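Under my numbering, read the sequence shown as residues 301 to 620, first letter to last. Quick reminder that beta carbons are idealized off the backbone N, C-alpha and C, glycines included. All values reported here derive from a predicted model rather than from experimental measurement. Okay, so here's the structure we're looking at.
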Amino acid sequence: MTAVVEIEGLSKTYRSVRRGQRKALDSMDMVVESGQVHGFLGPNGSGKTTTLRTLLGLVRADDGRMRLLGREVPAALPEVVDEVGAIVESPQFFGNFSARRTLDLLATAGGLRKTRIDEVLELVGLRDRAKERVKTYSLGMKQRLAVASALLKEPRLLILDEPANGLDPAGIREMRDMMRALAAGGTTVLLSSHILGEVQLICDSVTIVSRGRRVTAGPVGRVLAAHDTGTLRVRVADHAAAAAVLDEAGVAAQLNPDHLVLTGVADPAAVTRLLAERGHYLSELTPLRPDLESVFLELTGTTPHAGVARQVDDSVQVAP
């Protein structure tokens with residue numbers, strides 16, 4: 301694949317008389333491949349917005365290199381800006397203007413085709429509300445309008461900072477479907493979001509940052525697999541007796557009132573055979589796979605229970 305975004309060693313320190321120095325970016329690295337939906341994740345204050353603002357020429361970096369669509373930025377921004385659509389932080393609109401008038405003004409200013417206005421209104425679900433004043437819009441509708449404005453230029457790269465902010469569940473699903481459709485059509489989407497379940501559903505790859513540095517990156521499946529601890533939930537008729545059998549065999553088993561939790565299991569079938577040979581027949585065997593939320597919390601140090609997998613729907617039910 302061709303890299304659409306390349307960031308290497310990006311550093312930025314903010315200085316103020318009252319607060320002193322604060323390092324927002326500390327040798328930050330990121331690569332976004334063409335045609336993907338790429339999740340950009342991190343806790344508040346981790347440097348995500350500073351990275352996006354620096355990439356778009358809104359903030360000057362202290363050090364590092366950046367490339368957009370194969371060109372060095374910020375020097376080449378005038379050459380690539382027409383191929384990049386972006387929403388960074390909360391967009392502002394004139395409240396007395398309608399959505400259609402807002403987009404018409406933006407299209408005129410950018411020399412864009414006016415027929416694109418109806419297309420983007422349809423894409424973001426605002427066609428039926430396009431004549432209403434923006435000041436009557438909910439937060440979610442304003443987010444839709446912001447996405448529409450970013451899509452006006454038919455960008456090769458779409459950068460979205462918290463696009464689902466204020467959307468209801470139906471709106472979040474529509475936004476997800478829209479981003480997948482854009483990626484299928486060749487548009488690369490760089491998505492910053494705190495809704496980690498959505499990121500896991502929609503993104504092909506992720507970069508997770510903490511304190512201005514990348515802590516992991518890669519395809520979502522590979523990132524999750526790297527944190528799979530081989531944890532199983534097991535149910536049998538006599539949990540205490542089964543735990544004793546497993547302990548003798550060197551399998552770590554945590555005894556709970558109605559189940560066992562096994563860790564470090566490379567071959568679940570071996571557990572099944574071992575217990576069956578000793579007369580303990582399973583009524584449930586559920587692999588507890590890590591999800592993106594648990595991996596995120598572990599890597600960014602924002603949970604006291606690092607390393608604990610969250611269950612996803614990989615259960616195998618066995619009739620008693």
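State buried or exposed for residue i, treating a residue as buried only when at least 16 other CB atoms are found within 10 Å of its CB.
{"i": "F394", "result": "exposed"}
{"i": "L629", "result": "For residue 629 there is no data in the structure shown, the boundaries of the chain being 301 and 620."}
{"i": "D477", "result": "exposed"}
{"i": "T302", "result": "exposed"}
{"i": "K312", "result": "buried"}
{"i": "L405", "result": "exposed"}
{"i": "V447", "result": "buried"}
{"i": "T529", "result": "exposed"}
{"i": "A498", "result": "First, the amino acid is wrong: residue 498 is Glu here, not Ala. E498 should be labelled buried."}
{"i": "G564", "result": "exposed"}
{"i": "S398", "result": "buried"}
{"i": "S594", "result": "buried"}
{"i": "Q500", "result": "buried"}
{"i": "T531", "result": "buried"}
{"i": "S449", "result": "buried"}
{"i": "A375", "result": "exposed"}
So, with DSSP's three-state summary, where would you put residue i?
{"i": "L588", "result": "coil"}
{"i": "I472", "result": "helix"}
{"i": "G309", "result": "strand"}
{"i": "D363", "result": "strand"}
{"i": "S493", "result": "coil"}
{"i": "A570", "result": "helix"}
{"i": "L369", "result": "coil"}
{"i": "A484", "result": "helix"}
{"i": "V380", "result": "helix"}
{"i": "L355", "result": "helix"}
{"i": "A375", "result": "coil"}
{"i": "L582", "result": "coil"}
Taking DSSP's pairing of strands, which residues face residue i in a bridge?
{"i": "G385", "result": "L458"}
{"i": "F596", "result": "Bridge partners of F596: none, in fact."}
{"i": "I502", "result": "Answer by DSSP bridge pairing: none, since I502 is not bridged."}
{"i": "R315", "result": "Q321"}
{"i": "L341", "result": "I508"}
{"i": "M328", "result": "L310"}
{"i": "A303", "result": "E333"}
Leaving out five residues before and five after residue i in sequence, what residues of the same chain have Cβ atoms less than 7 Å from its Cβ?
{"i": "N396", "result": "R433 and K435"}
{"i": "D461", "result": "T349, L352, I387, V388, E389 and S492"}
{"i": "T572", "result": "L582 and L585"}
{"i": "Q443", "result": "P463, N465, G466 and L467"}
{"i": "G347", "result": "A324, L325, M328, V509 and G512"}
{"i": "G623", "result": "Nothing about residue 623 can be reported from this structure: the residues present for the chain run from 301 to 620 only."}
{"i": "C503", "result": "V337, H338, G339, L491 and V520"}
Enumerate in chain order the residues of its own chain whose CB-to-CB distance from residue i is below 6 Å, with the five nearest sequence positions on each side excluded.
{"i": "V608", "result": "Reliability fails at V608, whose pLDDT of 39 lies under 50, so the model's placement of it is uncertain and the value that follows must be treated cautiously. So no residue of the chain qualifies."}
{"i": "V331", "result": "A303 and E306"}
{"i": "T600", "result": "P343 and S510"}
{"i": "L524", "result": "P590"}
{"i": "S316", "result": "none"}
{"i": "P519", "result": "S505"}
{"i": "R535", "result": "H559, S583 and E584"}
Using C-beta distances below 8 Å, list every residue in its chain close to residue i, excluding the 5 sequence neighbours before and after it, in chain order.
{"i": "G309", "result": "S327, M328, D329, D363, G364 and R365"}
{"i": "D468", "result": "G440"}
{"i": "R400", "result": "I417, L421, A430 and K431"}
{"i": "L355", "result": "V305, I307, M366, L368, V373 and I459"}
{"i": "V551", "result": "L562, G564, V565, V571 and L574"}
Could you tell me whether any non-hydrogen atom of the ligand ADP is closer than 8 Å to the CB of residue i?
{"i": "S510", "result": "As presented, the structure is devoid of all ligands, the ligand ADP included, so that no description of it is given."}
Quiz item: Considering only residues of the segment 388–469, which uninterrupted beta strand (DSSP E) runs meet the minimum length of 3 residues and lie entirely inside it, listed in chain order?
Solution: Considered as a whole, the segment 388–469 harbours 457–461 as its complete beta strand (DSSP E) runs of no fewer than 3 residues, in chain order.
Quiz item: Which runs of the beta strand (DSSP E), 3 residues or longer, sit entirely within the segment 512–563?
Solution: Within the segment 512–563, the complete beta strand (DSSP E) runs of at least 3 residues are 513–519, 532–535, 552–555 and 560–563.
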